[in-house]
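Enquirer: Just so you know, the protein sequences line up as chains A and B, in that order.
For the first sequence, the numbering used here begins at 204 and goes up steadily by one.
For the second sequence, the numbering used here begins at 2 and goes up steadily by one.
Below you will find the structure I want to go over with you.
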Amino acid sequence: MEETLAHPLEKYLRTEKLPHMWCPGCGIGTVVQAFLRAVDELKIEQDKVVAVSGIGCTGRIPQYIKFDGAHVLHGRAIPVALGIKLARPDLKVVVFGGDGDLASIGGNHLMHAARRNADLIVIMVNNFIYGLTGGQVAPTTPKEATTYTSPYGPDSKPLDAVKLVSAAGGTFVARWSTAYPVLLKESIKRAFSHRGFSFIEVISQCPELFGRINNFKSTYEIYQKIKKVGTIRRGISPYDAKYDWNSEISLGEFVNFEAPSYYDQLREIIEKAKGVKE
Amino acid sequence: MSDSRLIFVHGNGAIVEGAIQAGCRFYAGYPITPSSEIAEEMSKRLPQVGGIYVQGEDELASINMIVGASMAGAKAMTATSGPGFSLMQEGLGLAVATETPLVIVNMMRAGPSTGIASKAWQGDIMQSRFGSHSDYEIISVYPWSVQEAFDLTIESFNLAEKYMTPVVLLGDAILARMRERLYIKQEEIIDRKRPSEPEGKYMPYKRDQSLVPVIASFGEGFHVLKDSLTHNENGYYYENPEVQAKYVRGITEKIKKNAAAIEKYESVFTEDAEVVIVAAGPMARVAHSMIIDARKRGKKWGMFRPVTIWPFPEEQLKKSVQKAIYVIVVEMSTGKLVYPVKWSINDNDRVKLVSWLSYEAPTPDELEHLCEKEVNG
Ligand SMILES: Cc1ncc(C[n+]2csc(CCOP(=O)(O)OP(=O)(O)O)c2C)c(N)n1
Ligand code: SF4
């Protein structure tokens with residue numbers, strides 16, 4: 204048999220689009236690999252997955268992975284994804300987005316998708332900064348850090364998306380980091396079998412901007428910081444999870460329970476309506 | 002299906018009837034006067050036919066949800082009014098860029114800003130064409146009666162599917178609320194084309210003679226990418242001047258070069274008309290009564306009504322004003338429709354504007370008086 208050097212995940216890549224645009228050492232690649240491994244291990248049909256994203260470095264993911272994909276407007280991945288899911292409930296619809304994309308400009312959609320228990324997997328890559336636009340402050344930027352639009356430090360304290368999504372009604376809420384790719388992959392696998400809204404935040408390194416601006420000399424240094432600050436907690440409530448750059452960013456699965464998904468609820472309405480005579 | 006019946010309904014209701022018959026099975030919208038009855042009626046009717054109704058958290062969510070639903074193959078629509086239409090502009094551009102069929106109803110209200118929610122105006126004629134940024138073309142229709150609201154809703158879905166584009170159905174607070182008889186009968190329904198080439202060979206944004214690409218829906222096994230970024234025939238983003246030029250030409254020419262097939266208009270008593278009134282929507286009903294009356298009194302007046310506002314029926318207007326000494330545009334705004342009229346007519350100093358700045362429509366007499374003033378100075 205002929206030996207090939209193909210990567211075992213190559214069938215999931217739009218190889219003609221390579222090389223990709225991400226900087227060396229960027230954490231986004233780790234997230235892509237964890238996701239593809241999860242799909243591969245679960246043997247999910249390639250034709251049944253739709254990858255949806257807004258604009259950002261993270262938003263470029265659907266350009267490189269070979270599933271149906273939509274690369275839409277900044278902040279609007281969730282409503283597009285929900286439209287897709289409701290029109291084709293048999294498809295697995297996954298949203299990839301940066302913290303600006305999903306928690307700032309798209310924050311309202313995130314909150315309402317959680318409230319509805321929308322049948323989506325949302326993977327938010329939190330690199331503490333706006334990457335694609337060149338290093339501006341994000342709602343997730345720690346008070347201790349600087350960016351190109353917060354040279355004196357951010358004007359207000361950061362948002363902990365885990366608490367927001369949990370409070371709004373998300374039924375699967377987790378946070379991992381690029382330091383734990385295997386745990387991230389396992390969590391993505393669980394999200395695939397969860398019915399309803401799954402939210403996974405991934406703390407990730409942006410060596411090019413967040414790293415440089417904050418005096419991390421190399422990818423290794425910022426990666427080490429992310430590794431150190433991320434502390435795995437099992438069985439704690441999302442409201443006890445910490446999001447503190449100095450002491451701890453808690454990692455783990457904070458919420459996981461069953462409740463009727465948005466599509467289930469809409470099915471119920473359709474059942475009711477069919478009983479009504481015009 | 003032999004579904005023909007006569008009902009008595011308002012413009013908003015007629016649009017819902019048309020949408021259901023056209024195959025619309027997904028609606029997302031945010032309530033806003035004077036379009037809310039469309040949402041209310043859709044929330045009742047769609048589940049009855051197995052469709053999905055969503056009240057979005059805002060208009061940004063609503064337009065983007067219908068983009069998603071349509072990308073996955075559903076016929077989808079939303080309805081709004083000025084403030085919501087403004088919020089939807091970026092999403093409309095997304096539908097243009099990804100060539101995703103949609104119908105967006107904009108029931109025009111008096112404005113700018115929040116204005117007067119329940120009162121009619123015709124101020125969004127330009128916004129329906131130019132509201133989203135950069136280069137694009139759009140199809141926009143404007144019915145003048147309840148019956149036409151129904152017919153043009155079906156037509157809008159058909160045009161959207163045929164040309165893979167969003168279609169803006171303009172209305173106003175008068176059309177939304179006016180109640181008339183509506184004759185419902187089965188119309189021809191057009192569905193978007195399906196790819197005929199196999200995965201691997203198939204290119205979603207490639208154009209044949211029709212200039213319209215055949216774009217697979219999600220879940221059909223083609224691994225298509227629908228990108229808001231400039232893309233090539235494969236749907237892939239490249240920062241390259243040729244790709245950009247070809248992309249913009251592609252999305253604009255499919256409308257421009259097919260304009261003659263898309264355009265609809267009505268030309269009444271214009272063959273010998275010395276004065277041609279141009280009006281659209283319910284305002285044209287007043288103009289119509291006026292010219293019929295004027296004819297009885299021996300005046301050689303006629304009327305031209307664009308039914309597709311965009312593409313504007315330029316050639317047809319030109320033909321209709323050949324004998325005209327004056328072309329008088331009457332509209333409920335400081336002047337929007339007057340621009341495409343002027344663009345269409347070379348010697349355009351004969352084009353006059355009657356700008357009716359009351360949200361209550363004029364009577365035919367009032368309108369005639371104002372038009373007379375334009376003619377006689
Ligand atoms: C409506 C709109 N506003 C602003 C932008 C510019 N923009 C593009 S990406 C981005 C933020 C990127 O940061 P994030 O979402 O955190 O993603 P990252 O690049 O860090 O992965 C901004 C502000 C845009 N494309 N659209
Ligand atoms: S700018 Fe930062 S987030 Fe963007 S690709 Fe480079 S390292 Fe990654």
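All C-beta atoms in this analysis are idealised placements derived from N, C-alpha and C, irrespective of residue type, glycine included.
Keep in mind it's a predicted model, so treat the numbers as computed, not measured.
According to DSSP, is Ser141(B) helix, strand or coil?
Expert: strand
Enquirer: With a threshold of 8 Å, are at least 3 pairs of Cβ atoms found where one atom belongs to the region 269-277 of chain B and the other to the region 315-332 of chain B?
Expert: yes
Enquirer: Is it true that the CB of Ser356(B) sits closer than 9 Å to the CB of Ser321(B)?
Expert: It is not a contact, given that the beta carbons lie outside the stated cut-off.
Enquirer: Starting from Tyr267(A), trace the alpha helix (DSSP H) both ways and give me its first and last residue.
Expert: For Tyr267(A), the enclosing alpha helix (DSSP H) has its first and last residue at 264-267.
Enquirer: Can you determine whether any heavy atom of ligand 2 sits closer than 8 Å to the C-beta of Ile231(A), and answer yes or no?
Expert: yes
Enquirer: Just the C-alpha distance for Lys337(B) and Gly337(A), rounded to the nearest angstrom, thanks.
Expert: Looking at the backbone, the Cα of Lys337(B) and that of Gly337(A) are separated by about 40 Å.
Enquirer: How would you call Thr218(A), buried or exposed, if buried means at least 16 neighbouring beta carbons within 10 angstroms?
Expert: By the neighbour-count rule (16 or more Cβ atoms within 10 Å), Thr218(A) is not buried but exposed.
Enquirer: Beta carbon of Leu412(A): closer than 8 Å to some heavy atom of ligand 4?
Expert: Because ligand 4 does not appear in the structure shown, any question about it cannot be addressed here, the ligands present being ligand 1 and ligand 2.
Enquirer: Cβ of Gln408(A) within 8 Å of any heavy atom in ligand 2?
Expert: The answer is yes for Gln408(A).
Enquirer: Take Ser369(A) and list the residues in its own chain whose beta-carbon comes closer than 6 Å to its own, dropping the five residues that flank it on each side.
Expert: Taken in chain order, the residues that qualify are Val376, Pro441, Val458.
Enquirer: Kindly list, in the order they appear in chain A, the residues whose Cβ is closer than 8 Å to that of Asp59(B).
Expert: Asn311, listed in chain order.
Enquirer: Please confirm whether Ala260(B) and Pro312(B) have their CB atoms less than 9 Å apart.
Expert: yes
Enquirer: Which term fits Phe400(A), buried or exposed, when burial requires 16 or more other beta carbons within 10 angstroms of its beta carbon?
Expert: buried
Enquirer: Quick one: Cα of Glu373(B) to Cα of Ile281(A), how far?
Expert: 55 Å
Enquirer: Provide the residue(s) that pair with Pro205(B) in DSSP beta bridges, ordered along the chain.
Expert: Note: Pro205(B) sits in no beta bridge, so no partner.
Enquirer: Helix, strand or coil for Thr79(B)? Go by DSSP, reduced to three states.
Expert: strand
Enquirer: Nearest to Lys220(A) by alpha carbon, out of Leu208(A), Val253(A), Lys269(A)?
Expert: Lys269(A)
Enquirer: Does the pairing of the region 48-61 of chain B with the region 196-213 of chain B give three or more beta-carbon distances under 8 Å?
Expert: no
Enquirer: Identify which residue in Met224(A), Lys288(A), Ile406(A), Ile247(A) has its Cα closest to the Cα of Gly74(B).
Expert: Cα-wise, what sits closest to Gly74(B) is Lys288(A).
Enquirer: What did DSSP end up calling Asn459(A) once you bin it into helix, strand or coil?
Expert: The answer is strand: DSSP assigns Asn459(A) an E or B state.
Enquirer: For a minimum of 3 consecutive residues, which ranges assigned as the beta strand (DSSP E) are wholly contained in the region 5-44 of chain B?
Expert: 6-11, 25-30
Enquirer: Using 8 Å as the cut-off, classify the Cβ of Val328(A) as near or not near the heavy atoms of ligand 1, replying yes or no.
Expert: yes
Enquirer: For the region 37-49 of chain B, which residues have a CB atom closer than 7 Å to at least one CB atom of chain A, in sequence order?
Expert: If the cut-off is 7 Å between Cβ atoms, the region 37-49 of chain B has Pro48, Gln49 near chain A.
Enquirer: Measure the C-alpha to C-alpha separation of Arg130(B) and Ile439(A) and round it to an integer number of angstroms.
Expert: In this model, Arg130(B) and Ile439(A) are separated by some 53 Å (Cα to Cα).
Enquirer: Which residue from Val331(B), Val249(B), Ser157(B), Glu200(B) puts its Cα closest to that of His232(B)?
Expert: The shortest C-alpha separation from His232(B) is found at Val249(B).
Enquirer: Are the beta-carbon atoms belonging to Gly494(A) and Ala290(A) less than 9 Å from one another?
Expert: Nothing about residue 494(A) can be reported from this structure: the residues present for chain A run from 204 to 481 only.
Enquirer: Can you give the Cα-Cα distance for Arg110(B) and Thr101(B), rounded to whole angstroms?
Expert: 27 Å
Enquirer: Any heavy atom of ligand 1 closer than 8 Å to the beta-carbon of Cys260(A)?
Expert: Yes; taking the cut-off as 8 Å, the Cβ of Cys260(A) has a heavy atom of ligand 1 nearer than that.
Enquirer: Please tell me whether Lys346(A) has its Cβ less than 9 Å away from any Cβ of chain B.
Expert: no
Enquirer: How would you label Thr364(B), buried or exposed, when you count the other beta carbons within 10 angstroms and need 16 or more for buried?
Expert: For Thr364(B), the number of other beta carbons within 10 angstroms of its own is below 16, and it is reported as exposed.
Enquirer: Which class does Phe270(A) belong to by DSSP, given the choice of helix, strand or coil?
Expert: coil
Enquirer: Should Glu219(A) be flagged as near chain B, meaning a C-beta pair shorter than 9 Å?
Expert: yes
Enquirer: Let's test the definition: count the other Cβ atoms within 10 Å of the Cβ of Glu189(B) and tell me whether it reaches 16, buried, or not, exposed.
Expert: Burial is judged here by how many other beta carbons sit within 10 angstroms of a residue's own beta carbon; Glu189(B) has fewer than 16 and is exposed.
Enquirer: For Lys258(B), which three-state DSSP category applies?
Expert: Of the three classes helix, strand and coil, the one that applies to Lys258(B) here is coil, per DSSP.
Enquirer: Does at least one heavy atom of ligand 2 sit under 8 Å from the Cβ of Gly228(A)?
Expert: Yes, since a heavy atom of ligand 2 falls inside the 8 Å radius drawn around the Cβ of Gly228(A).
Enquirer: Against chain D, does Phe270(A) count as a neighbour if the rule is that its beta carbon must be under 9 Å from one of theirs?
Expert: Within the model displayed, chain D is absent; protein chains A and B are what it includes.
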